[in-house]
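The structure appears below as structure tokens.
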Amino acid sequence: ETRAAVQNARAALALVTGVHSASMPLVDEELLQVPEMAMEDAIAAALANRHDLAAATRAREARRAAVQQAVGQYYPSLAVDLQYFFERHSNPANREWDGGLDLNLPIFSAGRIRADVREAWSAYRQALLFELLLVRQIKSDVETAWRDYFTSLQRINELNIQVQAAQQALAQAEASFDAGLATNLERLVAQDDYLSAKLQLTSEIYNKRVYASDLARAIGRLRPLLEERIGQQDAADPAAPPPSPPATTEATPANEQQDH
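According to our numbering, the residues represented by the sequence shown are 374 to 633, in order.
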């Protein structure tokens with residue numbers, strides 16, 4: 374069940390980032406590290422890095438240029454047509470080039486031009502509103518991911534203290550049991566509290582990694598990180614098989630506190 378969940382998560386990640394790889398290089402924790410930045414800096418980075426926002430901006434600029442083009446139909450236009458003859462058999466035969474002027478006065482086209490202008494303005498407003506909506510969505514995504522990530526960091530610090538306290542209580546209960554001052558039930562209760570605290574810490578570490586991925590995606594850094602890691606992996610050994618995840622070992626609370 375856990376392996377199936379991992380495979381589904383990798384498929385979802387490939388769908389979100391557009392980077393298809395059978396061996397998503399997510400085994401290294403440094404891939405999921407996000408800088409310790411303020412929320413305003415994270416929003417600014419997202420507005421500068423998000424490709425969907427850049428595409429929306431280019432679409433809005435294209436619609437604005439279409440408005441100028443439609444308005445330009447109101448003005449008279451003058452076209453010059455020049456022709457050069459390498460060999461001429463018509464009169465006058467002694468002229469090697471010829472030209473003409475084409476003057477266009479939109480006297481009877483005001484209605485059609487007005488409709489084109491209104492349609493261009495409508496398309497521009499639609500593109501502008503979509504860009505503004507996308508900016509609000511990006512800010513909301515970044516704020517939510519930023520709060521979740523840094524709240525998880527604070528929660529991990531609290532759980533580390535809780536694990537250390539539970540470990541000390543367990544050691545004290547075992548010492549009291551060995552000295553005959555405590556019952557076996559008290560020792561089992563202390564052991565259960567310690568294991569429960571470690572389970573909560575492990576779950577929160579997992580949540581922190583998920584929130585880190587969400588924040589990297591919201592900022593627009595997840596796909597570049599994946600492409601960079603895949604490029605480094607292919608450059609190191611193009612024929613190497615996909616790396617297998619490292620074996621998980623139980624870490625002590627002190628080591629877990631140092632890692633986070």
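Quick reminder that beta carbons are idealized off the backbone N, C-alpha and C, glycines included.
Please read these numbers as outputs of a predicted model, since none were measured by experiment.
Cα-Cα separation, residue i to residue j
i	j	result
V440	E434	10 Å
A429	D565	54 Å
I511	Y457	57 Å
D521	Y584	6 Å
L558	E547	11 Å
A552	N580	41 Å
H424	A418	12 Å
A415	L478	54 Å
A385	L595	13 Å
R582	Q380	17 Å
T517	R560	42 Å
S513	M410	16 Å
A438	A378	48 Å
F523	N530	11 Å
A421	V515	13 Å
I592	S482	49 Å
Other residues of its chain near residue i: CB distance less than 6 Å, five sequence neighbours each side excluded
i	result
R436	A496, Y497, A500
G473	D454
A443	D489, V490, A493
L568	none
Burial state of residue i, where buried means 16 or more other Cβ atoms lie within 10 Å
i	result
D651	Outside the displayed range of the chain (374 to 633) lies residue 651, so it cannot be described from this structure.
S525	buried
R590	buried
E413	exposed
I480	exposed
Y574	Checking the displayed sequence, the identity of residue 574 turns out to be Leu instead of Tyr. Buried.
L388	exposed
E376	Reading off the sequence, residue 376 comes out as Arg, not Glu. Exposed, by the Cβ-count rule.
G484	exposed
Boundaries of the alpha helix (DSSP H) in which residue i is found, first to last residue
i	result
L554	Neither: L554 is in no alpha helix (DSSP H) and is coded neither H nor E.
Q441	424-444
Endpoints, beta strand (DSSP E) assigned at residue i
i	result
S450	450-457
Sequence-distant residues of the same chain with beta carbon closer than 7 Å to residue i, five excluded per side
i	result
S549	A555
L532	A570, Q573, L574, E577
R528	E577
W519	M412, A415, L588
L476	P449, L451
Cβ neighbours of residue i in the same chain (closer than 8 Å, five flanking residues each side left out)
i	result
I651	Residue 651 lies beyond the residue range present for the chain, which begins at 374 and ends at 633; the question has no answer from this structure.
L502	none
Test: residue i CB closer than 8 Å to a CB of chain C
i	result
A542	In summary, chain C is missing from the structure at hand, where a single protein chain is found.
Determine, using beta-carbon pairs with one atom in the stretch 443-459 and one in the stretch 528-545, whether at least three such pairs fall under 8 Å. no
For the stretch 540-550 against the stretch 559-574, do three or more pairs of beta-carbon atoms, one drawn from each stretch, fall closer than 8 Å, so that the two count as touching? yes
Pairing CB atoms from the stretch 502-510 with CB atoms from the stretch 415-431, are three or more of them under 8 Å? yes
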